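Enquirer: The listed protein sequences correspond, in order, to chains A and B. No gaps in the numbering here: position 219 of the first sequence is 218 in numbering that gives the first Met the number 0, and each next residue is one more. No gaps in the numbering here: position 65 of the second sequence is 64 in numbering that gives the first Met the number 0, and each next residue is one more. Using N, Cα and C, we set each Cβ at its ideal position, and we do this for glycine too. Every value quoted in this text rests on a predicted model; they were computed, and no experiment measured them.
There are 2 protein chains.
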Amino acid sequence: MEETLGNNVRPSTISEVAALAGVSTGTASKALNGRGSLRPETRLRVQQAAEQLGFVANAAARSLHSGRTYTVGMITTDSIGRFSIPLMIGAEDALGAGQMSVFLCDARDDPIREQYYVRTLLSRKVDGIIVTGRRTQARTPISADLPVPVVYAFISSSDPQDCSVVPDEADGARRAIQHLLAIGRRRIVHVTGPEHHHSVTVRATAAAETLAAEGLEPASTTLYGEWSEAWGRQAAGILLSTGADIDAVFCGSDQIARGVAEGLREAGRDIPRDVALVGFDNWDVMVQGSRPALTSIDMDLEGIGRTAAELLLAAVNGDPVHGQRALPCRLVPRASTAVPADPGPRK
Amino acid sequence: MEETLGNNVRPSTISEVAALAGVSTGTASKALNGRGSLRPETRLRVQQAAEQLGFVANAAARSLHSGRTYTVGMITTDSIGRFSIPLMIGAEDALGAGQMSVFLCDARDDPIREQYYVRTLLSRKVDGIIVTGRRTQARTPISADLPVPVVYAFISSSDPQDCSVVPDEADGARRAIQHLLAIGRRRIVHVTGPEHHHSVTVRATAAAETLAAEGLEPASTTLYGEWSEAWGRQAAGILLSTGADIDAVFCGSDQIARGVAEGLREAGRDIPRDVALVGFDNWDVMVQGSRPALTSIDMDLEGIGRTAAELLLAAVNGDPVHGQRALPCRLVPRASTAVPADPGPRK
DNA sequence: GAAAATCAGGAAAACGGTTGCCCTGACGCT
DNA sequence: AGCGTCAGGGCAACCGTTTTCCTGATTTTC
């Protein structure tokens, strides 16, 4: 009863195909791979036999001979999270198109686990490894002298010789400020995350420089806090209570921006009329849930994943790229910076 | 310059190890795997040679012989999303502990892609396949008569003989209602997602039945809408304008609950004093961002992923389990149902 | 001290597929 | 008729590892 259904359940081998087609295994192989010189009729006969048996070549056996596995490992250093997913999607996209399969390894920020995974991946003879993680800050390389190419995505390697693909966060901050300037705001303040976070300092610095380049000063000292909505609400309170004269806030994350939006709105400030707001990350659920919808900076994580995968493929094919590549960000305009004069953000 | 660093870069084979240790490859294999009868001294010599060369056994060659690859495929039917991640983490957890590696396949809801991936996985001779997806609704099996076991996680297969692990959503709804009853609420209404969504009907039915079992009727007809905060806010407006006399709302998702919370709060209603609120999903960013923090139903997605992986491992080891397994939900109490009398939710 | 038992390790055959080389036979040419 | 050419397809080596079988050598046993 159990297995009444199964007929072609047992995977068949090329010798069975060959036998059915009445040829040798070598000939069968050539027929299926379009090699050698065979009569079209023979080729067809083998193909039909393979079809009939549901034959699928054993990748292990094949790779044993070719040395290539068409497989890569993807190590995410901290648990698979909001940032890792788009990166993985992007990478998987580019690799899948290249007929590669992906080994998923979640190292959970544990170096031991990570080394274990590297070892496993090497035993599986992956053609390459992609390392991703939550923070853009540089990390120590996963291992020196690996027999396969490695590309870091989002996270970067502290070894400048390693290939890393990261978002140009300074570019993102610059775009945010320039956008606010473009809609006529001049009294701009920056509310962001923890002061010692790499992304925070990069973005804050770029924001300040962009203002300075226009001969402007921040409307208030930059507010550092946590990556949370609660901090955003608190920051709004601070801005209101100090009576700072502001007409725009650039936030270090969408969550913070959403908190700021709530805080300001509840105090009767209109967004964007009184205060325009720009977030960072372009996290759909935050930018859409916020009232009004948030203008935000998109780091194009999927693009980063895709680029990393493409560079890895290039390296696998003997064209290694060294050093860090920073990909530009994109500003996505929404209601929180839609000025009255403007009929609204373009679709 | 390029490769000055690499010394042990080329992966070494067991015959190199054997040569270095002065034994045959067979003996080297035995030494490294603890097989056969060898002099301790010989064993050690081989191990040191392997260490020195950084030898890692080629998994392809090994699996060619053993027939096992210690590899499973994980197909996520719709794009890797909020639901798939915890599932994947759970599965990866259970599999990693079992020394298995995971092939990640994102089929993006495309049947063609899915079949392509199944084929690829079979060619890679995975020991089994886990299928996950966003909806809990049953789906057609990925393929009939596969030579390897398949387990569905979160999503379920329409073939009752297939092994599926799903959340017991009715149980979740029951817990939500019982919790509200336990804190003394009697005039309860259900606000949820699209009427024809499988999860929606299951939860709504269970909620109504639980109320009925207590001899209660819903305080208002169930409100069906979208899975969004905006709909939650709108629903709050409807409840307020119809003047329904309610003291609790059970929502079909945390996003809806958050919207309801905002809507009610802005109308001056106090949560939980006037109206208690329970969400569904226990999505951290929503339950924490909401004011007050949301009591929610947790489907234990990680547990589902883990269980699915465990069942798959069992099947791989010759202990197949058929049919559907529904895992209970868990209510996570937070401020939105913390009644004044109660000193607050237990940590 | 010889036969038997035990131990250590080597040789070789798998696993499944690919590929270079070689053989065979048909055909065309002189 | 005899030779060369070439298409078609078989043979066998090889990829890296495991495992079975087997052979010497050593130890045990009577």
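Tell me the residue span of the beta strand (DSSP E) that contains residue 275 of chain B.
Expert: 275–279 is the extent of the beta strand (DSSP E) around residue 275 of chain B.
Enquirer: Can you give me the Cβ contacts of residue 62 of chain A inside the same chain, cut-off strictly under 6 Å, excluding the 5 residues immediately before and after it?
Expert: 68.
Enquirer: For the beta strand (DSSP E) holding residue 297 of chain B, just list the boundary residues, first then last.
Expert: Counting along the chain, the beta strand (DSSP E) containing residue 297 of chain B begins and ends at 294–297.
Enquirer: If you drop the 5 nearest sequence neighbours on each side, which residues of the same chain put their C-beta closer than 6 Å to that of residue 341 of chain B?
Expert: Note that residue 341 of chain B scores 47 on pLDDT, short of 50, meaning its location in the model is unreliable; the coordinates nonetheless yield the value given after this. Once the five neighbours on either side are set aside, residue 341 of chain B has no close Cβ partner at all.
Enquirer: Could you name the residues of chain B that residue 40 of chain A contacts, counting a contact when the two beta carbons are closer than 9 Å?
Expert: Ordered by position in chain B, no residue passes the 9 Å Cβ test against residue 40 of chain A, which lies about 26 Å from the chain.
Enquirer: Rounded to the nearest angstrom, how far is the Cβ of residue 117 of chain B from that of residue 102 of chain B, given a contact under 8 Å?
Expert: Actually they are not in contact, since the Cβ atoms of residue 117 of chain B and residue 102 of chain B sit about 11 Å apart, beyond 8 Å.
Enquirer: Quick one: which unbroken alpha helix (DSSP H) runs of 4-plus residues sit fully inside the region 189–244 of chain A? Chain order, please.
Expert: With a minimum length of 4 residues, the continuous alpha helix (DSSP H) runs that stay inside the region 189–244 of chain A are 197–212, 228–240.
Enquirer: Are any of the Cβ atoms in chain A nearer than 8 Å to that of residue 10 of chain B?
Expert: Yes, residue 10 of chain B lies at the interface with chain A (some Cβ there is under 8 Å from its Cβ).
Enquirer: Do you know how far the Cα of residue 97 of chain A is from the Cα of residue 310 of chain A?
Expert: Their backbone Cα atoms lie some 12 Å apart in a straight line.
Enquirer: Within the continuous alpha helix (DSSP H) that includes residue 51 of chain A, where are the two ends?
Expert: 39–52 is the span of the alpha helix (DSSP H), which, as asked, contains residue 51 of chain A.
Enquirer: Near residue 20 of chain B, which residues of its chain fall below 6 Å by C-beta distance, leaving aside the five closest residues on each side in sequence?
Expert: These residues qualify, in order along the chain: 44, 45, 48.
Enquirer: Taking only three categories from DSSP, how would you classify residue 269 of chain A?
Expert: Three-state DSSP puts residue 269 of chain A in coil, outside helix and strand.
Enquirer: Taking the runs of the beta strand (DSSP E) that are 3 residues or longer, which of them lie wholly in the region 68–106 of chain A?
Expert: If we require 3 residues or more, the beta strand (DSSP E) runs fully inside the region 68–106 of chain A come out as 70–75, 100–105.
Enquirer: Can you check whether the CB of residue 175 of chain A is closer than 8 Å to the CB of residue 303 of chain A?
Expert: Not closer than 8 Å, so no.
Enquirer: Closer than 7 Å by C-beta to residue 213 of chain B: which residues in its own chain qualify, once you throw out the five before and the five after it? Chain order, please.
Expert: Answer for residue 213 of chain B: 180, listed in chain order.
Enquirer: Can you find at least 3 beta carbon pairs, one from the region 272–284 of chain B and one from the region 162–178 of chain B, that sit closer than 8 Å?
Expert: The region 272–284 of chain B, when compared against the region 162–178 of chain B, does touch it at the 8 Å Cβ threshold.
Enquirer: Please report the straight-line C-alpha distance between residue 167 of chain B and residue 135 of chain B, rounded to a whole angstrom.
Expert: If I take the Cα positions, the gap works out to 10 Å.
Enquirer: Name the chain A residues whose beta carbon is nearer than 8 Å to that of residue 155 of chain B?
Expert: Under the 8 Å cutoff, chain A gives no residues; its nearest Cβ is about 19 Å from residue 155 of chain B.
Enquirer: Taking only the alpha-carbon atoms, compute the straight-line gap between residue 66 of chain A and residue 60 of chain A and give it to the nearest angstrom.
Expert: Whole-angstrom Cα-Cα distance: 10 Å.
Enquirer: Let me know if residue 1 of chain B comes out buried or exposed under the rule of 16 or more other beta-carbons within 10 Å of its beta-carbon.
Expert: Only weak support exists for where residue 1 of chain B lies, its pLDDT of 38 falling under 50; the coordinates are left without a value.
Enquirer: Could you list the residues in the region 78–89 of chain A with a C-beta less than 8 Å from some C-beta on chain B, going in chain order?
Expert: Under the 8 Å Cβ criterion, the region 78–89 of chain A contributes 78, 79, 80, 84, 87, 88.
Enquirer: Locate the alpha helix (DSSP H) running through residue 59 of chain B, then write down its first and last residues.
Expert: Residue 59 of chain B -> alpha helix (DSSP H) spans 58–65.
Enquirer: Are the CB atoms of residue 255 of chain A and residue 264 of chain A nearer to each other than 8 Å?
Expert: No; because the gap between Cβ atoms is not below 8 Å, this pair is not in contact.
Enquirer: Using the beta-carbon of each residue, which ones in chain B are nearer than 8 Å to residue 63 of chain A?
Expert: Within 8 Å Cβ-Cβ: 57, 59, 60, 63.
Enquirer: Taking 8 Å as the threshold, find out whether the region 310–326 of chain B comes into contact with the region 137–151 of chain B through three or more Cβ pairs.
Expert: Touching, yes, given that three or more Cβ pairs across the two stretches are closer than 8 Å.
Enquirer: For residue 121 of chain A, which residues in chain B fall below 8 Å Cβ to Cβ?
Expert: Here the neighbours are 10, 55.
Enquirer: I need the straight-line Cα distance from residue 245 of chain A to residue 215 of chain A, nearest angstrom please.
Expert: Roughly 13 Å separates the two Cα atoms.
Enquirer: On the CB-based measure, 16 or more other CB atoms within 10 Å of its CB, does residue 318 of chain B come out buried or exposed?
Expert: It is exposed - the Cβ of residue 318 of chain B has fewer than 16 other Cβ atoms within 10 Å.
Enquirer: Residue 236 of chain B: which of B/258, B/34, B/71, B/131 sits nearest, CA to CA?
Expert: Considering only alpha carbons, the answer is B/258.
Enquirer: At a Cβ threshold of 8 Å, is residue 288 of chain B touching chain A?
Expert: Yes, because at least one Cβ of chain A sits closer than 8 Å to the Cβ of residue 288 of chain B.
Enquirer: Pop quiz: residue 138 of chain B and residue 76 of chain B are said to be a contact at Cβ under 8 Å. What is the actual Cβ separation, rounded to whole angstroms?
Expert: Correct: roughly 7 Å between the Cβ atoms.
Enquirer: With a threshold of 8 Å between beta carbons, is residue 16 of chain A in contact with chain B?
Expert: Cβ-Cβ to chain B under 8 Å: no for residue 16 of chain A.
Enquirer: Under 7 Å between beta-carbons, which chain B residues line up against residue 249 of chain A? List them in chain order, please.
Expert: What residue 249 of chain A touches in chain B: nothing, since even the nearest Cβ is about 20 Å away.
Enquirer: Where do the N-terminal and C-terminal ends of the alpha helix (DSSP H) with residue 110 of chain A fall, by residue?
Expert: Note, residue 110 of chain A: alpha helix (DSSP H), 110–122.
Enquirer: Taking residue 165 of chain B as the reference, give the member of B/86, B/199, B/70 with the closest Cα.
Expert: Among B/86, B/199, B/70, the Cα nearest to that of residue 165 of chain B is on B/86.
Enquirer: Distance, Cα to Cα, residue 131 of chain B vs residue 154 of chain B?
Expert: So the alpha carbons of these two residues sit roughly 6 Å apart.
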